[in-house]
Structure formats: C-alpha cells, structure tokens
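Some notes on the structure that comes next.
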Amino acid sequence: MENLKYVLEMENISKEFPGVKALDNVQLKLRPGTVHALMGENGAGKSTLMKCLFGIYEKDSGKILLDGVEVNFKSTKEALENGVSMVHQELNQVLQRNVLDNIWLGRYPMKKFFVDEKKMYNDTINIFKDLDIKVDPRKKVADLPIAERQMIEIAKAVSYKSKVIVMDEPTSSLTEKEVEHLFKIIKN
C-alpha cells in the first residue's frame, strides 16, 4: 500500500496561536480520486489544518507535499495556481455581481484585449452540467438562495481544475435534499 502515489501528504503539521496549540504533529495522506472527511469537535483544528494547506495560515512545523513535491503556499493565489482549491464555510462572494463574475473573478478568459464572455459562459454551463446545477449564470448572486450560492462556490472550486478540493463544512447551509445532491456530485 505504501508504494501507491499520494496526491497530498501533510506530515507532522503543527500550528500554535497565542495560548492555543491548534495542531500538534498532524498527519494526512490523500490518494488521487478519493474522498475523505475530517471529523472532530469544534476547535479540534480541522479548519486550521486546511487553512495551512491553502496558504491562509503558515504552519509552524511539518511539511506538505503535493504529488510528492514539497510546497509551502504563502497565499491562496499560490495554492490555486498549484492545484489546491477550497470552498470555505463562510461564503466569499460579491453579492452585487452575477454568478459568472463570481466564478471567474480575477481570471477572466480573454480574447485579445477583451473578456471572452462567450467562453466564460460556455465553460460555466459545462461545469454546471457536470455538477447538475440549475442556475442561470447571468443571475445576480444576491438573488440566489444560500444553498445555490454554496453550489456556486463548489463550481468555482471545480473551475480551477484542482488536484485537491477542500470543502470546509459544505453542508452547513444546505437542506437534506441539497446535501444528498452534493454527496452525489462528490461521489461522481
């Protein structure tokens, strides 16, 4: 088993905040194409571990390997550029913009000097088909129910074509039916 390749290895990760040891030599190994759930009580360090991976927090010690190569992301941008995306528990959206803008913000597909809106729309529609999301990509995010906004965040993570997608409590704002839909998407 040990000879199988890991897409992500987190070895001996430790992180302290003033007066609190949030992580103490944590280990996590993930193989490609697998789904994992980190479980524990509130304050156990699950979100802290993922934020160390995603470049939000700097770990105090340990190492992170992505496809066998050690990485130390200093920003979320760097993590995204290297194939790690994260769906945060707190939605991070520009409510007055439409769904398309929220998915592609900061990385609009260009055609010469202009945003290639047709490509952006078609790419979004393809992602939505794969995820079975039935939302008009031109709709303003503020007009969407929270569950659809959560699915938009997941679509955004998928749009990066990441090797690793971290979801921090993605079901917290979903109904039972929506949770089943999300699990179906993750399984496929």
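Reading the sequence shown from the start, the letters are residues 1 to 188 in the UniProt record's numbering.
Positions of the beta carbon are idealized from the N, C-alpha and C atoms, including for glycine.
These numbers come from a predicted model, not from an experiment.
Subject >> Residue interval of the beta strand (DSSP E) (run including Asp24) >> reply: Counting from one through the sequence shown, the residue named residue 24 turns up at place 24. Residues 20–30.
Subject >> Exposed unless 16 or more other CB atoms sit within 10 angstroms - verdict on Thr48 >> reply: Locating residue 48 in the sequence shown gives position 48, where the first residue counts as 1. Under this definition Thr48 is a buried residue.
Original post:
Buried or exposed: where does Lys177 fall if 16 or more other Cβ atoms within 10 Å of its Cβ makes it buried?
Top reply: The residue you call residue 177 lines up with position 177 of the sequence shown. Exposed, by the Cβ-count rule.
Original post:
From which residue to which residue does the alpha helix (DSSP H) around Phe113 run?
Top reply: Taking the first residue of the sequence shown as 1, we reach residue 113 at position 113. Taken as a continuous stretch (DSSP letters only), Phe113 belongs to no alpha helix (DSSP H), as it is neither H nor E.
Original post:
If you draw a straight line from the alpha carbon of Val71 to that of Val35, how long is it in whole angstroms?
Top reply: The residue given as residue 71 occupies position 71 in the sequence shown. The residue given as residue 35 occupies position 35 in the sequence shown. In a straight line, the C-alpha of Val71 is about 21 Å away from that of Val35.
Original post:
Can you tell me whether Asn126 is buried or exposed, with buried defined as 16 or more other CB within 10 angstroms of its CB?
Top reply: Here residue 126 is taken as the residue at index 126 of the sequence shown, counted from 1. With fewer than 16 other Cβ atoms within 10 Å, it is exposed.
**OP:** Under 8 Å by Cβ, that's how I've got Met10 and Leu28 pegged, so tell me the actual separation to the nearest angstrom.
**Re:** Your numbering for residue 10 matches position 10 in the sequence shown. Your numbering for residue 28 matches position 28 in the sequence shown. The pair is a contact, with the Cβ atoms about 4 Å apart (cut-off 8 Å).
Original post:
Would you call the CB atoms of Val141 and Gln93 closer than 7 Å?
Top reply: Locating residue 141 in the sequence shown gives position 141, where the first residue counts as 1. Locating residue 93 in the sequence shown gives position 93, where the first residue counts as 1. Yes, these two residues count as a Cβ contact at 7 Å.
Subject >> Beta-carbon gap between Met137 and Val179 smaller than 7 Å >> reply: Taking the sequence shown and counting its residues from 1, the one referred to as residue 137 is at position 137. Taking the sequence shown and counting its residues from 1, the one referred to as residue 179 is at position 179. Contrary to the premise, residue 137 reads as Pro rather than Met in this sequence. Result no, Cβ atoms of Pro137 and Val179 do not sit closer than 7 Å.
**OP:** Could you tell me the boundaries of the beta strand (DSSP E) in which Glu11 lies?
**Re:** In the sequence shown, the residue the question calls residue 11 occupies position 11. Here the beta strand (DSSP E) through Glu11 covers 8–17.
Subject >> Identity of the residues DSSP links to Met120 by a beta bridge >> reply: Position 120 of the sequence shown holds residue 120. Looking at the DSSP assignment, Met120 forms no beta bridge with any residue, so it has no partner.
**OP:** Could you say which of Ser162, His181, Asn122 lies nearest to Met151 if we only look at CA atoms?
**Re:** Position 151 of the sequence shown holds residue 151. The shortest Cα separation from Met151 among Ser162, His181, Asn122 belongs to His181.
Subject >> Cβ contact (3+ pairs, closer than 8 Å) linking the stretch 15–27 and the stretch 41–56 >> reply: yes
Original post:
How big is the Cα-Cα spacing for Asp67 and Ser61?
Top reply: Locating residue 67 in the sequence shown gives position 67, counting from the first residue. Locating residue 61 in the sequence shown gives position 61, counting from the first residue. Going from the Cα of Asp67 to the Cα of Ser61 covers about 20 Å.
Original post:
Are Val87 and Glu153 touching if we call contact CB-CB under 7 Å?
Top reply: Walking along the sequence shown from the start, residue 87 turns up at place 87. Walking along the sequence shown from the start, residue 153 turns up at place 153. In contact: Val87 and Glu153 (Cβ atoms closer than 7 Å).
Original post:
Given that a residue counts as buried once 16 or more other Cβ atoms are within 10 Å of its Cβ, and exposed if not, what is Thr124?
Top reply: In the sequence shown, counting from the first residue as 1, residue 124 sits at position 124. Classification for Thr124: buried.
Original post:
Taking Cβ positions, are Ala157 and Ser85 nearer each other than 7 Å?
Top reply: Here residue 157 corresponds to residue number 157 of the sequence shown, with the count starting at 1. Here residue 85 corresponds to residue number 85 of the sequence shown, with the count starting at 1. Yes.
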